[in-house]
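The structure appears right after this line, and notes come after that.
Residue numbers (the numbering used here), protein chains in the order written: chain A, 117 to 217; chain B, 295 to 477.
Here it is in structure tokens:
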């Protein structure tokens, strides 16, 4: 969506995806201010939505990081205790006691 | 105890221990011996884990309840009950760590599900993101339950936390007397 100069006239074009290509469509001068306003409104809505999504994703990622820390510490402690007690992971699956341990 | 105590951060210690675990997992006997030695030298891993779990719990409860003190009390009480059901009061340090993990992952799943359900209108991209986060959190929760059950089933020697020292001690038949998980 933009104003372009053709000769000594300013012409408003709106762009749209058609069959995977950007196609510009000329907007009649009478309609141009209204179409521009609607386009601007949509752009702001998209921007607000994007910011909202980003904020939510950041919040979720932060919380996940906090939980991951708990999981990792518990995991390290468990694995250390298992190995120290003579257990080994069998085929990356269950823990099995090694013979003679 | 080490003769030359080097000041190392808990994270460095965890990384070092993790490297040893990797080696021991590949059948390196020397690494397994080193783990036993390291466990006696490390500051209490269970303590560190407990602190991390406390922090996580605070963050999750704060996110869950927001400014509503009533909700905060309800959630805190629910976590207390959950810990009691899992035998938190009588659990050994390693089990406590695993119970903390179960509680944290449960709270995370609950928070995500609550948040997802409570949002009246949601962008499709965000909804997909929530769904993935809920699935991943559920997996983590199930893995946490499994780990706790496995440690109890094997009646693993407990990690005993002394004053700033972590050591391995033999355990009796403590595991069988504990309540069942998810009971």
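Where is the CB? At the ideal position from N, CA and C, for every residue including glycine.
A quick note: this is a predicted structure, and the numbers were derived from the prediction, not measured.
For residue 175(A), which of 316(B), 374(B), 420(B), 309(B) has the nearest alpha-carbon?
420(B)
With a cut-off of 8 Å on the beta carbons, I'd call residue 105(A) and residue 394(B) a contact; round off their distance for me.
Coverage of chain A is limited to positions 117 through 217, which leaves residue 105(A) absent and any answer about it impossible.
Of the residues 444(B), 427(B), 314(B), 440(B), which one's Cα is nearest the Cα of residue 192(A)?
Looking only at 444(B), 427(B), 314(B), 440(B), the smallest Cα-Cα distance to residue 192(A) is reached by 314(B).
Where residue 432(B) meets chain A, residues with beta-carbon distance less than 9 Å:
What residue 432(B) touches in chain A: nothing, since even the nearest Cβ is about 12 Å away.
I want to know whether the segment 349-358 of chain B touches the segment 176-184 of chain A - three or more CB-CB distances under 8 Å.
yes
Could you check what DSSP says for residue 383(B) in three-state terms: helix, strand or coil?
coil
Among 173(A), 158(A), 189(A), whose alpha-carbon lies nearest the alpha-carbon of residue 416(B)?
The residue from 173(A), 158(A), 189(A) with its alpha-carbon nearest to that of residue 416(B) is 173(A).
Would you check if there are 3 or more beta carbon pairs closer than 8 Å linking the segment 424-434 of chain B to the segment 401-410 of chain B?
yes
Answer yes or no: does any C-beta atom of chain B fall closer than 8 Å to that of residue 118(A)?
Cβ-Cβ to chain B under 8 Å: no for residue 118(A).
Please return the same chain residues whose Cβ sits closer than 6 Å to the Cβ of residue 328(B), not counting the five positions on each side in sequence.
314
Less than 8 Å between the beta carbons of residue 355(B) and residue 377(B), yes or no?
no
Opposite residue 133(A) in the DSSP bridges: which residues?
138(A)
Please classify residue 199(A) as buried or exposed, where buried requires at least 16 neighbouring CB atoms within 10 angstroms.
buried
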